[in-house]
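Asks: Residue numbers (our numbering): 1 to 236. Each residue gets a CB set at the ideal place from its N, CA and C atoms; glycine is no exception.
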Ligand SMILES: [Zn+2]
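#1: Give, in chain order, every unbroken run of the alpha helix (DSSP H) that is at least 4 residues long and sits entirely within the region 17–105.
#2: Report the three-state DSSP secondary structure of residue 203 (helix, strand or coil).
#3: Under a three-way DSSP split, which group does residue 9 fall into?
#4: Mind reading off the beta-carbon distance from residue 89 to residue 27? Whole number of angstroms is fine, and I expect it under 8 Å.
#5: Taking 7 Å as the cut-off, does the CB of residue 144 come closer than this to any heavy atom belonging to ligand 1?
#6: Return yes when the C-beta of residue 100 is under 7 Å from any heavy atom of ligand 1, and no when it is not.
#7: Tell me whether residue 141 counts as near ligand 1, meaning its Cβ is closer than 7 Å to at least one heavy atom of that ligand.
#8: Can you name, in chain order, every residue of its own chain whose Cβ lies under 6 Å from the Cβ of residue 112, other than the five neighbours on each side?
#9: Exposed or buried, which one is residue 62 when buried takes at least 16 other CB atoms within 10 Å?
#10: Closest by CA to residue 40, which one among 173, 194, 94?
#11: From 160, 120, 109, 77, pick the residue whose C-alpha is nearest to that of residue 150; which is it?
#12: Is it buried or exposed, residue 14, if we count other Cβ atoms within 10 angstroms and call 16 or more buried?
#13: Does DSSP put residue 128 in a helix, in a strand, or in coil?
#14: Start and end of the alpha helix (DSSP H) containing residue 149?
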């Protein structure tokens with residue numbers, strides 16, 4: 001997880017300041033937002049919040065960029081503006097993107113999971129503390145335009161590291177209902193296969209030196225590790 005501390009580098013209001021709270025005891029929610037922009041980062045959002053909205057500083061505590069980099073933007077004890085009526089009880093996490101028209105990127109999802117699990121641990125909160133902005137009563141917004149139930153399930157899944165011949169692979173796997181799932185494309189590519197997706201037949205082809213291996217799709221994205229691949233993987 002790469003967290004870049006940009007707290008002191010962001011645009012700030014010349015005279016206004018956010019109020020502060022006692023830390024852990026008062027925080028009940030981690031609120032997920034999307035930026036509703038195509039691109040941007042903590043710097044541009046801070047300028048917008050300060051210059052256009054006349055806020056004391058950026059509204060979010062963390063911004064997760066499209067490549068999964070996390071920008072730390074406010075101390076957790078800062079009561080910033082991001083969810084009306086609940087600011088004093090919550091931490092704001094903004095995922096860059098407009099999820100009414102694009103999908104959440106794998107890197108962002110992975111970064112969000114690490115950050116959020118970390119915060120939940122630290123604040124001694126359960127997964128139900130993670131809310132979408134639009135799940136709060138009175139918030140007339142589509143933000144974050146994500147299926148929060150699915151996202152919470154993703155955040156809650158146990159992560160598994162994948163090793164090949166004692167070397168850790170830069171791919172993630174998940175435990176779900178007692179089975180280990182791994183995304184087939186990164187795994188195939190790490191193993192030197194070309195991965196092709198046939199959406200008409202719902203089939204994945206792993207191609208290497210004229211050898212064609214075909215595996216049946218089990219879900220849109222994750223495939224249960226098939227037996228012959230399983231042999232070369234050990235979990236830790
Ligand atoms: Zn929002």
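Replies: On the basis of the data shown:
#1: 23–26, 42–47
#2: Residue state, collapsed to three classes: strand.
#3: Residue 9 falls in the coil class under three-state DSSP.
#4: Between residue 89 and residue 27 the beta-carbon gap is near 6 Å, inside 8 Å, which marks them as a contact.
#5: Distances between the C-beta of residue 144 and the heavy atoms of ligand 1 include at least one below 7 Å.
#6: no
#7: Because some heavy atom of ligand 1 lies under 7 Å away, the Cβ of residue 141 counts as near it: yes.
#8: 64
#9: buried
#10: Measuring from the Cα of residue 40, the nearest candidate turns out to be 94.
#11: 109
#12: By the Cβ neighbour-count rule, residue 14 is exposed, with fewer than 16 other Cβ atoms within 10 Å of its own.
#13: In this structure, residue 128 counts as helix in the three-state DSSP scheme.
#14: Where residue 149 is concerned, the enclosing alpha helix (DSSP H) stretches over 148–156.
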